[in-house]
Amino acid sequence: MLYDTHAHLDQQAFADDLPVVIHRAREAGVGRVNVIGVDAHSSRQCVRLAAQWAPLWAVVGIQPNDVAEAKPGDWDEIVRLAATPGVVGLGETGLDRYWDHTPIDAQKDFFDRHLRLSQASGLPFVVHMRECEQEVLDMLGEARRRGPLRGVMHSYTGSADGAAQAIELGLHVSFAGMATFKKSDELRAVAVSVPLERLLVETDSPYLSPEPVRKVKRNEPAHVAHTARRLAEVRGEPFERFAEATTANALALFDRAE
Ligand code: NI
Numbered sequence: 259m260l261y262d263t264h265a266h267l268d269q270q271a272f273a274d275d276l277p278v279v280i281h282r283a284r285e286a287g288v289g290r291v292n293v294i295g296v297d298a299h300s301s302r303q304c305v306r307l308a309a310q311w312a313p314l315w316a317v318v319g320i321q322p323n324d325v326a327e328a329k330p331g332d333w334d335e336i337v338r339l340a341a342t343p344g345v346v347g348l349g350e351t352g353l354d355r356y357w358d359h360t361p362i363d364a365q366k367d368f369f370d371r372h373l374r375l376s377q378a379s380g381l382p383f384v385v386h387m388r389e390c391e392q393e394v395l396d397m398l399g400e401a402r403r404r405g406p407l408r409g410v411m412h413s414y415t416g417s418a419d420g421a422a423q424a425i426e427l428g429l430h431v432s433f434a435g436m437a438t439f440k441k442s443d444e445l446r447a448v449a450v451s452v453p454l455e456r457l458l459v460e461t462d463s464p465y466l467s468p469e470p471v472r473k474v475k476r477n478e479p480a481h482v483a484h485t486a487r488r489l490a491e492v493r494g495e496p497f498e499r500f501a502e503a504t505t506a507n508a509l510a511l512f513d514r515a516e
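Those letters in the sequence shown? Residues 259 to 516, per the working numbering, in order.
Following this line, the structure appears as structure tokens:
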């Protein structure tokens with residue numbers, strides 16, 4: 259069994275055929291999928307989907323690029339949702355200096371809120387990091403001084419050293435379709451450097467389908483099998499062992515309501 263730890267199945271791209279998408283995931287051996295919120299509305303949708311579909315579990319939060327749009331009360335809504343059944347994590351959160359949608363100080367404020375809520379609730383957090391590796395690691399380091407961390411660097415594209423530091427702080431590292439692209443030798447080397455017991459896989463659906471289905475515009479959870487196969491291959495591990503280990507890691511991290 260495989261576990262797609264990051265998919266945005268609440269998005270419009272899946273509005274017309276979600277049952278078929280979930281069926282294809284099961285057929286591909288994907289037994290469990292985390293559906294990830296990006297704001298209060300999307301987080302509510304994710305909780306609803308998790309209540310409706312057995313393989314789906316919800317992660318609730320406000321994505322760094324969406325922080326500027328957050329209305330008063332939205333954060334309280336996330337805190338409330340975090341305590342509802344079917345919710346297994348907080349996010350996505352983190353920092354993003356690629357897009358210019360939200361001032362960095364507001365992003366840091368919300369990243370800090372997710373980290374503190376994680377430490378108070380025991381729910382793991384899901385980190386989005388784009389062009390701000392040191393700042394993310396600094397904030398994680400600061401949070402670590404308050405207490406243990408449970409979380410994952412999602413769709414990781416940072417350095418091997420950054421991954422090692424995140425692991426040292428107690429985090430897992432998750433790889434998405436980009437790790438299968440022909441030009442991604444460097445990223446695959448990073449994936450090889452991560453100890454198997456800290457490794458996760460994801461699709462980040464509907465974005466960036468992996469090879470060999472990269473031309474399929476809309477990515478979906480069934481495709482996580484391609485990423486898992488490629489990573490097992492470059493790591494020199496039998497696929498079955500890789501699948502079993504990454505799924506066990508994800509089940510242990512997102513263990514609420516099991
Ligand atoms: Ni995402």
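Glycine included, every Cβ here is placed at the ideal spot set by N, Cα and C. None of these values were measured; they are calculated from a predicted model.
If we call anything under 7 Å between Cβ atoms a contact, is Asp324 one with Asp297? Yes, Cβ-Cβ distance for Asp324 and Asp297 is below 7 Å.
Indicate the three-state DSSP secondary structure (helix, strand or coil) for Thr519 in the structure shown. With the chain covering 259 to 516 only, the question about residue 519 has no answer from this structure.
Taking a contact to mean a Cβ-Cβ separation below 7 Å, would you say Ser301 touches Leu267 in this structure? If you check the CB distance, Ser301 and Leu267 do not come in under 7 Å.
Locate the beta strand (DSSP E) running through Asn292, then write down its first and last residues. Its beta strand (DSSP E) spans residues Val288 to Ile294.
Measuring from the CB of Asp324, is there a heavy atom of the ligand NI at a distance below 6 Å? No - the ligand NI has no heavy atom lying nearer than 6 Å to the Cβ of Asp324.
Exposed or buried, Arg404, counting other C-beta atoms within 10 Å across all chains shown (16 or more means buried)? The residue is exposed, with fewer than 16 neighbouring Cβ atoms inside 10 Å.
For a test of the three-state rule: what should DSSP assign to His281, helix, strand or coil? Assignment of His281 by DSSP, reduced to helix, strand and coil, places it in the helix class.
Please report the straight-line C-alpha distance between Asp419 and Thr438, rounded to a whole angstrom. Between the alpha carbons of Asp419 and Thr438 lies a distance of about 20 Å.
Out of Val385, Gln423, Ala328 and Pro277, which one is the CA nearest neighbour of Ile294? Residue Val385 is the option with its Cα nearest to Ile294.
Residue closest to Leu314, alpha-carbon to alpha-carbon, out of His281, Ala449, Ala506 and Ser467: Here the closest residue by C-alpha is His281.
Please check the pair Ala401 and Leu373, which I expect to be a contact at CB under 8 Å, by giving their CB distance rounded to whole angstroms. 4 Å between Cβ atoms; contact.
Taking its Cβ as the centre, do 16 or more other Cβ atoms sit within 10 Å of Val317, making it buried, or is it exposed? Buried, since its Cβ has 16 or more Cβ neighbours within 10 Å.
What does the alpha-carbon distance come out to for the pair Glu393 and Ala328? For Glu393 and Ala328, the distance between alpha carbons rounds to 22 Å.
According to DSSP, simplified to helix, strand and coil, what is Trp315? Strand, per DSSP.
Looking at Ile294 and the ligand NI, is the gap between the Cβ and the nearest heavy atom below 6 Å? Relative to the ligand NI, Ile294 has its C-beta within less than 6 Å of a heavy atom.
How about Gly428 and Leu407: are their beta carbons less than 7 Å apart? Yes, Cβ-Cβ distance for Gly428 and Leu407 is below 7 Å.
Phe272 - DSSP class collapsed to helix/strand/coil: The answer is helix: DSSP assigns Phe272 an H, G or I state.
Per DSSP, cross-strand counterpart(s) of Thr351: Answer by DSSP bridge pairing, in chain order: Val385.
Going by C-alpha distance, which of Asn507, Ala447, Pro382 and Gly399 is nearest Tyr414? Of the listed residues, the one whose Cα sits closest to Tyr414 is Ala447.
Within 10 angstroms of the Cβ of Glu460, are there 16 or more other Cβ atoms? Answer buried if so, exposed if not. Under a 10 Å Cβ-count criterion, Glu460 is classified as buried, with 16 or more other Cβ atoms of the shown protein chains found around its own Cβ.
Within a Cβ cutoff of 6 Å, which residues of the same chain sit near Glu478, ignoring the five residues on either side of it in sequence? Result list for Glu478: Val279 and Ser463, in chain order.
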